[in-house]
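Residue numbers (this note's numbering): 604 to 872.
We put the CB at the ideal spot given by N, CA and C, even for glycine.
If you want it as structure tokens, here you go:
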């Protein structure tokens with residue numbers, strides 16, 4: 604079967620040592636496109652970006668300004684970097700995008716890391732402003748096949764369990780993705796009644812923060828969409844990964860090598 608597969612994982616701005624362990628796990632995956640969220644201008648994130656670049660992947664990784672966070676996309680399928688983050692405008696490094704030059708039609712891949720918040724007015728307004736900017740950019744994007752994935756820091760309105768401290772504007776963004784942006788929640792399409800969580804707090808409360816949404820033409824070709832809990836259980840991250848597979852032609856594969864080997868220092872002999 605000719606398929607396109609993608610994986611998203613919040614890597615939580617790793618130290619170089621943890622980045623090396625993350626890289627070993629990611630190198631063992633067979634997805635075509637990796638979307639890594641919560642990146643920063645740090646030694647660990649540079650290690651990952653350099654390793655994938657050296658291994659021949661197409662890497663899109665804008666450097667976040669002023670200590671903010673961002674998204675790294677590494678593709679072993681031929682791609683071009685897109686300016687979606689600039690169209691969002693506000694905290695642009697939190698939205699990184701590429702376009703796959705697939706044979707049937709271009710496929711737009713948008714990786715997003717939505718700001719988190721606490722009870723403060725400042726962080727609440729920051730999150731509201733970013734979601735509004737992202738919504739505007741999504742609704743004004745050219746028509747065509749697209750996948751939005753990453754740590755969206757939002758919950759679906761029917762999330763189990765229900766958390767009352769999430770504000771109406773946060774639940775509304777999920778509705779906007781489906782109603783205004785015509786995107787399908789890939790996991791929910793595959794698992795209508797499943798209760799899954801991609802982040803679990805110290806008290807054991809679970810949250811489905813990480814999402815994959817895609818246009819209906821791609822949703823019609825969904826093969827699988829599942830959470831992978833090994834990264835969280837092995838403490839590579841505090842998040843689980845999310846993998847999706849589509850029965851669509853991905854385009855020309857790049858000539859790549861093992862990114863884990865690419866990150867190792869050269870030997871003397």
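Restricted to the segment 664 to 713, the beta strand (DSSP E) segments that are unbroken, complete and at least 3 residues in length are 673 to 678, 682 to 685, 698 to 703, listed in chain order. Distance between residue 667 and residue 698, taken at the CA atoms: about 10 Å. When the five nearest sequence neighbours on each side are left out, the beta carbons in the same chain lying within less than 7 Å of the beta carbon of residue 865 are those of 654, 657, 658, in order along the chain.
Look at residue 761 here: in three-state DSSP terms it is coil, with no helix or strand label. The C-beta distance from residue 756 to residue 719 rounds to 5 Å, short enough to fall under 8 Å.
Excluding its 5 nearest sequence neighbours in each direction, residue 690 has C-beta neighbours in its own chain below 6 Å: 740, listed in chain order. Per DSSP, reduced to three states, the secondary structure at residue 820 is helical. With the rule of 3 Cβ pairs closer than 8 Å, the segment 705 to 722 counts as touching the segment 850 to 861.
For residue 753, the enclosing beta strand (DSSP E) stretches over residues 748 to 754. CA-CA distance, residue 724 to residue 812, rounds to 21 Å. With the rule of 3 Cβ pairs closer than 8 Å, the segment 611 to 621 counts as touching the segment 637 to 651. In the three-state reduction of the DSSP assignment, residue 844 falls in the strand class, which pools E and B. In this structure, residue 817 and residue 715 do not form a Cβ contact; the two beta carbons are roughly 13 Å apart against a cut-off of 8 Å. Counted as a single uninterrupted DSSP element, the stretch harbouring residue 735 is not any beta strand (DSSP E) but the alpha helix (DSSP H) occupying residues 724 to 742. Within a 10 Å sphere around the beta-carbon of residue 631 sit fewer than 16 other beta-carbons, which makes this residue exposed.
By the 16-neighbour rule on beta-carbons within 10 angstroms, residue 686 is exposed. Taking residue 792 as the centre and dropping the five residues before and after it, the same chain places the C-beta of 822, 825, 828 closer than 8 Å to its C-beta, in chain order. DSSP places residue 651 within a helical segment (H, G or I) once states are collapsed to three. It is roughly 12 Å from the alpha-carbon of residue 701 to the alpha-carbon of residue 665. Residue 678 holds the alpha-carbon nearest to the alpha-carbon of residue 607 among 728, 732, 678.
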